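Q: Residue numbers (the numbering used here), protein chains in the order written: chain A, 1 to 433; chain B, 1001 to 1388. Heads up, the beta-carbon is just placed ideally off N, CA and C, and yes, glycines get one too. Treat the numbers as computed from the prediction; the structure is a model and nothing was measured. Please see the structure below; I have some questions.
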Ligand code: SF4
Ligand code: SF4
């Protein structure tokens, strides 16, 4: 490759480089936090209170991202088996086991640096009971302070004032005092407001990026590409000026592609051409991420919207952090994450995506070890098919357990699914003619 | 009724997947309503105070053929949601005027939304229990949840639930819990007189009977079984834990006993012993229920332990107060809460040198031989160990 083309490739993916740098720097910050006198927090992606944690100068660890990164680097399989050998059931969530397995292997993080013991586990999570057990397990091992933020579920499909009040009260009476005590830093609400102002800018740009998929062809992949786009927002960077810059660069890149009529960027370069537009429900598989993605773009499929890209916040229906009401807005953020929505809401959301993004069908990737997503997905499939008249398909894999990724099976299923879409389309055209 | 008749009656209720007891209760007076609830805990007092029958729904057991329910769940999800759906889809739950889904795990939580979609027109409530145990925070939220339930039920029944109604119901359930405590204490004292396969059936009857009737039934059982002297065996005394939601088949409980174990404590029907002592009749009733929940309730995998030191204390107390010699972890396959909790509890037991063994089951497990073998080996090792 000539220097000129190499430079071009780098320029084309400025946002990707930026993100890689940010992630690596964060791992390094976490790894060296104790040496530099900083405390370390650990928390989860859905309902993560990054702006709040920043108010106390914590270096921020996210065990799910560790598991994901280890999955991408093909290290999670051994970690999971180590955890199972250590007495963890083969039936339970593999994210948890990948994390515990990493600890058993000496707690070397995905980038090769040793991970410090967290000083506080912030059990702020939405929509998955496993999170609670996960941190109880980590606490049992590390013996570190844990603080719980219980976020009530939208069982009735709405947030009532008592739910919001409950979360705010916990923030005021439990979470903030604990974080103050552990960090030794006094809480300053104006600092929180400041971070939130940054968040809003980034949130605007993220939504802008995700919504470009309404175009034909879509300049992004709203699932395989979106998992990169949501990275900084859903982890240790929301509220950081760097993240704001990342999203503004990303948005410009994507809008440029849109103007040029280009499709998404794939690991093999430009997308070969949009033939099928899909909505995807469920998390992706990380251990075979590229092979998985390739099965889609090789067939001309583009994911135009996904629910997984909303697990750390549903921003596209209007929610933004509100610096004027910082604590209430943190509560609303937690209460509104995708995993905290009830089934009728989830189905409405998917149907809305099918319509607004002019999708040809719905694909569900059911994760073997994730009850939170998987229990009930077959009803989602039926309901969405019934309501939209569009075909839906179901595949099964796992997030980070390579034993449950059967490439041949998935490929077969996808191919017949694409055939089905084609036939349906043909039939519809025949009727129209 | 002698003890066999009491047990027979309970067995009849347990096996009746058409919930005829509920139907009979409803037709006995005009306008009666029944509300189902799933494991682990809901404040049944509120349903009772509304003049309604709270009905415990614990899946389909091993007698129900699950056909439609399977179409909604992948193989890697536990069985209780699919058999519960089967009960619903085959009309067996038509006698219920509503369903409560307490916050226990993601599967039951998701089922609450599925129920809203699949059984339109029925009252459905996801009942969120607090994981924060401060009166002013978790308590306030919980009282609000209960208030919502109260007013929802008032709308369904068309009549107000007064504080006095609530107090009366609390008192009825205090008495029921007292009887359950007596039953547990009796079994721990004389497990040969009150085999768990019977105790379980007596408790399960509480899912479909009005509490007053259930309390009387427990006492009938205690009185009658005491009259009949049964052989005492040299069995190992064990606490069984992890079966708080999907229930093991009755055959499994029998197998454990046949293998040489006396179950001296368990968490099968946790709702009935969830509140550890009487709920106050002096205070505002909802606040009294809230305080009992927050400060004096059982521990289980679905409930957060505030401090590391709290983990396992409830189980250790069960072992100690019941004079148990070991613990059997029996969890439903794919049950995340129970299976994630298990290694933590095992570590604590190991530290205390309390022997344990573990297995998984499904409500329709048919093959008992491996479980009988495992429980037998465990019982033998306990006896050898204590003899040494
Ligand atoms: S069960 Fe699912 S949502 Fe919960 S921690 Fe595991 S992967 Fe995440
Ligand atoms: S058996 Fe376990 S996973 Fe299944 S519904 Fe009950 S608590 Fe949830």
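#1: Does the distance from the C-beta atom of residue 92(A) to that of residue 374(A) stay below 8 Å?
#2: On the criterion of 16 or more Cβ atoms from any shown chain inside 10 Å, does residue 1045(B) qualify as buried, or is it exposed?
#3: With a cut-off of 6 Å, give the chain-ordered residues whose Cβ is closer than this to any heavy atom of ligand 1.
#4: Please name the residues in the stretch 140-155 of chain A whose beta-carbon is closer than 7 Å to at least one beta-carbon of chain C, in chain order.
#5: Would you mind reading off the limits of the beta strand (DSSP E) that contains residue 1098(B)?
#6: Which residues in the same chain have their Cβ closer than 6 Å to the Cβ of residue 215(A), if we skip the five residues on either side of it in sequence?
#7: Hey, which unbroken runs of the alpha helix (DSSP H) at 4 residues or more fall wholly within the stretch 81-140 of chain A?
#8: Between residue 6(A) and residue 60(A), what straight-line distance do the alpha-carbon atoms span, to the nearest angstrom?
#9: Enumerate in chain order the residues of its own chain whose CB-to-CB distance from residue 310(A) is below 6 Å, with the five nearest sequence positions on each side excluded.
#10: Please confirm if residue 1141(B) has its CB atom under 8 Å from at least one CB of chain A.
#11: Locate the beta strand (DSSP E) running through residue 262(A), then write down its first and last residues.
#12: Compare the Cα-Cα distances from residue 407(A) to each of 304(A), 122(A), 291(A) and report the closest residue.
#13: Can at least three beta-carbon pairs, one atom from the stretch 387-394 of chain A and one from the stretch 291-310 of chain A, be found at a separation below 8 Å?
#14: Can you name the residues that DSSP bridges to residue 1331(B)?
#15: Could you name the residues of the stretch 61-84 of chain A whose beta carbon sits closer than 8 Å to any beta carbon of chain B, in the order they occur along the chain?
#16: Take the Cβ of residue 11(A) as the centre, count every other Cβ of all protein chains shown within 10 Å, and call the residue buried at 16 or more, exposed below.
#17: Would you mind sorting residue 998(B) into buried or exposed? The rule is 16 or more other CB atoms within 10 Å of its CB.
#18: Measuring from the CB of residue 1334(B), is there a heavy atom of ligand 2 at a distance below 7 Å?
#19: With a threshold of 6 Å on Cβ separation, who are the neighbours of residue 1049(B) within its own chain once the five nearest residues in sequence on each side are excluded?
#20: Is residue 1249(B) a contact residue of ligand 4, with contact defined as CB to any heavy atom under 7 Å?
#21: Given that residue 1334(B) touches chain A, what residues does it touch there, using C-beta distances under 7 Å?
#22: Helix, strand or coil: how does DSSP classify residue 432(A) here?
#23: Let's see if you can read the secondary structure: which residues bound the alpha helix (DSSP H) around residue 32(A)?
#24: Considering just the uninterrupted stretch of the alpha helix (DSSP H) at residue 231(A), what are its terminal residues?
#25: Name the chain A residues whose beta carbon is nearer than 8 Å to that of residue 1243(B)?
#26: Among the candidates 1067(B), 1253(B), 1092(B), 1036(B), whose CA atom is the shortest distance from the CA of residue 1366(B)?
#27: Using 8 Å as the threshold, is the C-beta distance between residue 1275(B) and residue 1296(B) below it?
#28: How big is the Cα-Cα spacing for residue 1171(B) and residue 1013(B)?
#29: Roughly how many angstroms separate the alpha carbons of residue 1390(B) and residue 279(A), rounded to a whole number?
#30: Can you tell me the Cα-Cα spacing of residue 1300(B) and residue 1041(B), whole angstroms?
#31: Give the residues of chain A in contact with residue 1114(B), contact being defined as C-beta atoms less than 7 Å apart.
#32: Report the three-state DSSP secondary structure of residue 373(A) (helix, strand or coil).
#33: What is the DSSP secondary structure of residue 1143(B), counted as helix, strand or coil?
#34: When you compare only the Cα positions, how much space is there between residue 1158(B) and residue 1052(B)?
#35: Using the C-alpha atoms, what's the distance from residue 1001(B) back to residue 1178(B)?
#36: Figure out for me which residue from 271(A), 147(A), 343(A) has the closest Cα to the Cα of residue 181(A).
A: Based on what the coordinates show:
#1: In the first chain, residue 92(A) corresponds to position 92, counting from 1. In the first chain, residue 374(A) corresponds to position 374, counting from 1. No, these two residues do not count as a Cβ contact at 8 Å.
#2: Here the question's residue 1045(B) lines up with position 45 in the second chain. So residue 1045(B) ends up on the buried side.
#3: 93(A), 95(A), 128(A), 130(A), 131(A), 370(A), 371(A), 372(A), 373(A), 399(A)
#4: No chain C is part of this structure, whose protein chains are labelled A and B.
#5: Numbered from its first residue, the second chain carries residue 1098(B) at position 98. Per DSSP, residue 1098(B) belongs to the beta strand (DSSP E) from 1098-1102.
#6: Against the first chain, residue 215(A) aligns to sequence position 215. Closer than 6 Å at the Cβ level, and outside the excluded window around residue 215(A), lie 258.
#7: 94-104
#8: The residue labelled residue 6(A) in the question sits at position 6 within the first chain. The residue labelled residue 60(A) in the question sits at position 60 within the first chain. Reliability fails at residue 6(A), whose pLDDT of 41 lies under 50, so the model's placement of it is uncertain and no value is given.
#9: The sequence position of residue 310(A) within the first chain is 310, counting from 1. The answer, listed in chain order, is 338.
#10: Here residue 1141(B) refers to the residue found at position 141 of the second chain. Chain A, which has a Cβ nearer than 8 Å to the Cβ of residue 1141(B), makes this yes.
#11: As a first step, residue 262(A) is located in the first chain; it is residue number 262 there, counting from the start. That residue, residue 262(A), is in no beta strand (DSSP E); it is neither H nor E in DSSP.
#12: Your numbering for residue 407(A) matches position 407 in the first chain. Comparing Cα-Cα distances from residue 407(A) to each of 304(A), 122(A), 291(A), the minimum goes to 291(A).
#13: no
#14: Looking up residue 1331(B) in the second chain gives position 331. Answer by DSSP bridge pairing, in chain order: 1360(B).
#15: none
#16: Translated into positions along the first chain, residue 11(A) becomes position 11. Its pLDDT being 41, under 50, residue 11(A) is placed unreliably in this model, and the value from its coordinates should be taken loosely. By the 10 Å Cβ count, residue 11(A) comes out exposed.
#17: No answer is possible for residue 998(B): it lies beyond the span of chain B, which begins at 1001 and ends at 1388.
#18: In the second chain, counting from the first residue as 1, residue 1334(B) sits at position 334. It does: the Cβ of residue 1334(B) is within 7 Å (strictly closer) of some heavy atom of ligand 2.
#19: Counting from 1 along the second chain, the entry for residue 1049(B) is found at position 49. Result list for residue 1049(B): 1161, 1165, 1166, 1169, in chain order.
#20: What this structure holds is ligand 1 and ligand 2, not ligand 4.
#21: Along the second chain, one-based indexing puts residue 1334(B) at 334. Those within 7 Å of residue 1334(B) in chain A are 91.
#22: Within the first chain, numbered from 1, the residue matching residue 432(A) stands at position 432. Residue 432(A): helix per DSSP, three-state reduction.
#23: Here residue 32(A) refers to the residue found at position 32 when the first chain is read from its first residue. Unbroken alpha helix (DSSP H) run through residue 32(A): 14-32.
#24: For the purposes of this step, residue 231(A) is taken as residue 231 along the first chain, with counting starting at 1. Counting along the chain, the alpha helix (DSSP H) containing residue 231(A) begins and ends at 231-234.
#25: For this step, residue 1243(B) is matched to residue 243 along the second chain. The contacting residues do not exist; residue 1243(B) stays about 15 Å from chain A at best.
#26: Taking the first residue of the second chain as position 1, residue 1366(B) is located at position 366. For residue 1366(B), the nearest C-alpha among the options comes from 1253(B).
#27: In the second chain, residue 1275(B) corresponds to position 275, counting from 1. In the second chain, residue 1296(B) corresponds to position 296, counting from 1. Yes; because the gap between Cβ atoms is below 8 Å, this pair is in contact.
#28: On the second chain, residue 1171(B) is found 171 positions in, with the first residue counted as 1. On the second chain, residue 1013(B) is found 13 positions in, with the first residue counted as 1. Those two C-alpha atoms are separated by around 25 Å.
#29: Because chain B in this structure spans residues 1001 to 1388, residue 1390(B) falls outside the shown range and cannot be described.
#30: Numbered from 1 along the second chain, position 300 holds the residue referred to as residue 1300(B). Numbered from 1 along the second chain, position 41 holds the residue referred to as residue 1041(B). Taking the straight line from one Cα to the other gives about 11 Å.
#31: Position 114 of the second chain, counted from the first residue, corresponds to residue 1114(B). Result: 343, 376, 379.
#32: Within the first chain, the letter at position 373 stands for residue 373(A). Correct three-state label for residue 373(A): helix.
#33: As a first step, residue 1143(B) must be located in the second chain, where it is residue number 143. Reduced to three states, the DSSP call for residue 1143(B) is helix.
#34: On the second chain, position 158 is the one that residue 1158(B) refers to. On the second chain, position 52 is the one that residue 1052(B) refers to. Going from the Cα of residue 1158(B) to the Cα of residue 1052(B) covers about 12 Å.
#35: The residue you call residue 1178(B) lines up with position 178 of the second chain. The residue you call residue 1001(B) lines up with position 1 of the second chain. Going by the C-alpha atoms only, they are around 22 Å apart.
#36: Taking the first residue of the first chain as position 1, residue 181(A) is located at position 181. Nearest option by C-alpha distance: 147(A).
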